[in-house]
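Take a look at the structure below.
In the working numbering, the protein residues as written are 429 to 704.
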């Protein structure tokens, strides 16, 4: 068993942080839409949280804010002129697209990528796949810059494999580590990778909120990373209908402990049995 340390990653909140209500199924996002934001206070709160974790002995990575507004995205939608003119025209003619281009949502590092540690991968490297986040427009703009950040943080190809996001189609909708829990006896020991999905790629979906992770995306991640001990479990439809847009809202785990809500999974007994 190799020596290993688990580290935490947080996203740094950018200056365009706002409450734009861009995320269907996220009840807090919807309820706070239009409220005034304070980016400076938010980034200081985030840094304070990171410092507290570091003081408790948890190694801490900081993911930088993404370039916002995303002028290139707006130019691709036909807005021209100087950068200032692009933003002004977008806010006038297509305010929802402008809000998406300004979103500071990359702060939510739980959706940045899925990670498989070297102890679980077929080639002994740490594998990262940035999440394509295709369910929501503003989040689908993130994965390319997330990959660049991960490439910079983990540049040694002998030890790390930073992949491109899965193809950006609804059939392979992927929301990253928010739907992944790793359980193990020790961080350096082989473990169980619990990958939670909400719908199948070709399944008709009639819930009040979208299921953001497909089974096929989770399967592709396990194949790509060569992840041993992969367990795929379906998130309960009741949880999604209640506003549980990611499994980490109702389920967390570390080492040999899994803590979850009674309605986290469609088949709780089967999920427990597969993990054991």
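All residues carry an ideal CB built from backbone N, CA and C; glycine is no exception. The structure displayed is predicted, hence computed values, not measured ones.
(message) On the CB-based measure, 16 or more other CB atoms within 10 Å of its CB, does residue 680 come out buried or exposed?
(response) exposed
(request) Compute the Euclidean distance between the alpha carbons of residue 685 and residue 620, then round it to the nearest angstrom. (result) 12 Å
(request) For the beta strand (DSSP E) containing residue 488, list its first residue and its last residue. (result) 488 to 491
(request) Note down, in chain order, each residue of its chain lying with its Cβ closer than 6 Å to the Cβ of residue 629, except the 5 sequence neighbours on either side. (result) 599, 642 and 644
(request) Jot down the residue ranges of each uninterrupted alpha helix (DSSP H) in the region 623 to 700, minimum 4 residues, whole runs only, in chain order. (result) 643 to 653 and 665 to 669
(message) Quick check on DSSP: helix, strand or coil for residue 583?
(response) Correct three-state label for residue 583: coil.
(request) Put residue 704 into one of helix, strand or coil per three-state DSSP. (result) coil
(request) Identify whether residue 591 lies in helix, strand or coil by the three-state DSSP scheme. (result) When DSSP states are grouped into helix, strand and coil, residue 591 belongs to the coil group.
(request) Just mark residue 439 as buried or exposed, buried being the case when its beta carbon has 16 or more other beta carbons within 10 Å. (result) When all chains shown are included, residue 439 counts as buried.
(message) Looking at residue 616: is its Cβ nearer than 8 Å to the Cβ of residue 637?
(response) With contacts defined by Cβ atoms closer than 8 Å, residue 616 and residue 637 do not form a contacting pair.
(message) When you compare the region 662 to 670 with the region 692 to 704, are there three or more beta-carbon pairs, one atom per stretch, that lie closer than 8 Å?
(response) yes
(message) Could you tell me the alpha carbon to alpha carbon distance between residue 676 and residue 607, rounded to whole angstroms?
(response) 6 Å
(request) Take the Cβ of residue 533 as the centre, count every other Cβ of all protein chains shown within 10 Å, and call the residue buried at 16 or more, exposed below. (result) buried
(request) Determine the DSSP secondary structure at residue 553, reduced to helix, strand or coil. (result) coil
(request) For the alpha helix (DSSP H) containing residue 608, list its first residue and its last residue. (result) Residue 608 -> not in any alpha helix (DSSP H); beta strand (DSSP E) instead, spanning 608 to 611.
(request) List the residues that DSSP assigns as beta-bridge partners of residue 544. (result) 555
(message) Short of 7 Å in beta carbon distance, which residues of its chain neighbour residue 433, apart from the five on each side in sequence? Order them along the chain.
(response) 487 and 615
(message) I need the DSSP call for residue 621, collapsed to helix, strand or coil.
(response) strand
(request) Apply the 10 Å Cβ neighbour rule to residue 592 and answer buried if 16 or more other Cβ atoms are within range, or exposed otherwise. (result) Exposed: under 16 other Cβ atoms inside 10 Å.
(message) Which residue marks the beginning of the alpha helix (DSSP H) containing residue 456, and which one marks its end?
(response) For residue 456, the uninterrupted alpha helix (DSSP H) run begins and ends at 455 to 459, by DSSP.
(request) Use the C-beta contact count for residue 550: other C-beta atoms within 10 angstroms, 16 or more gives buried, fewer gives exposed. (result) exposed
(message) Please report the distance separating the alpha-carbon of residue 469 from that of residue 587.
(response) 37 Å
(request) Provide the residue(s) that pair with residue 438 in DSSP beta bridges, ordered along the chain. (result) 490
(request) Evaluate residue 435 with the Cβ neighbour count: other Cβ atoms within 10 Å of its Cβ, from every protein chain shown; 16 or more gives buried, anything less gives exposed. (result) exposed
(message) Quick check: the region 492 to 508 against the region 569 to 578, are at least 3 beta-carbon pairs closer than 8 Å?
(response) yes
(request) Starting from the C-beta of residue 464, find all residues in its chain whose C-beta is less than 8 Å away, skip the five residues before and the five after it, and write them out in chain order. (result) 447
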